[in-house]
Amino acid sequence: MRVAVLHNAVAPDAPPEDRDTLVQVEAVRAALVRLGHDAATLACTLDLSSLPGDLDRLKAEAVFNLVESLDGIDSLLYLPLAVLDSLGIPYAGSRTAAMFLTSNKPLAKQWMRQAGLPTPDWIDSSSTKPQPSVAPQPLAVSQPVSAPNRWIIKGVWEHGSDGMDDDALLN
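Numbering-wise, this note's numbering puts 15 at position 14 of the sequence shown, and it's gapless, one number per residue.
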């Protein structure tokens, strides 16, 4: 099977944490080849209109998705999946809606609460008290259960602990 390993474009002068994407891309490509697939890599940019043609030129029958951001914007990571959905090209990983819902921290927390799953309280930048957030905000604050007067400042869209250090803890 012809598989495209899709990843976010990485600039030559990108920091090490971004260049690490290319290490992952090569590891996945090599593993696919070892498994008998014909694998090629494809960098994805904000120019999503070129993605269908690029995939067609590669004759991709499936995609292994490693896109984590577009042009350094993490909140756009689900857009290439929407293009793949529209083209009917199967891909590895979570579907478009799942990527959108789980990448937006306040929205994911709201869905978890509505499903009855425990999640720490949080406030967003437009609120002065803990409450569920229904709209994406530039800042989300999550309250750890074990420390009610301590808060962790997190970006809404950033991956895991990206950008977090000791300054992200407020008392």
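Glycine included, every Cβ here is placed at the ideal spot set by N, Cα and C.
Beta-carbon separation (whole angstroms), residue i vs residue j, contact threshold 8 Å
i   : j   : result
L47 : D75 : The Cβ separation is near 13 Å, so there is no contact.
V84 : L49 : 5 Å
D39 : R3  : 5 Å
A98 : A41 : Not quite, the Cβ-Cβ distance comes to about 27 Å (not below 8 Å), so this is no contact.
Three-state secondary structure assigned by DSSP to residue i
i    : result
A63  : strand
V24  : helix
A44  : strand
A93  : strand
D122 : coil
F102 : Just to set this straight, residue 102 is Leu in the shown sequence, not Phe. L102 falls in the helix class under three-state DSSP.
D86  : helix
D39  : strand
L78  : coil
V4   : strand
Neighbourhood of residue i by C-beta, 7 Å cutoff - its chain only, sequence neighbours within 5 removed
i    : result
R20  : V11
A109 : L102 and T103
Selected residue, minimal CA-CA separation from residue i, among the options
i    : options            : result
L185 : P119, V34 and F101 : This structure cannot settle anything about residue 185, because the visible part of the chain is limited to 2 through 172.
H8   : L82, D14 and D122  : L82
Neighbourhood of residue i by C-beta, 6 Å cutoff - its chain only, sequence neighbours within 5 removed
i    : result
V34  : A40
M113 : T120
R30  : V6, A40 and T42
D86  : T97
Cβ neighbours of residue i in the same chain (closer than 8 Å, five flanking residues each side left out)
i   : result
C45 : L7, H8, N9, A10, L52, V68, L71 and P81
L88 : P53 and L56
A15 : none
L77 : L47, S70 and L71
Residue i Cβ short of 7 Å to the ligand FMN heavy atom set
i    : result
L118 : The ligand FMN is not part of the structure shown, which contains no ligands of any sort.
Inspect the CB distances between the region 53-65 and the region 91-100 and report whether three or more fall short of 8 Å.
-> yes
Quick one: any contact between the region 52-62 and the region 26-37, if contact means 3 or more CB pairs under 8 Å?
-> no
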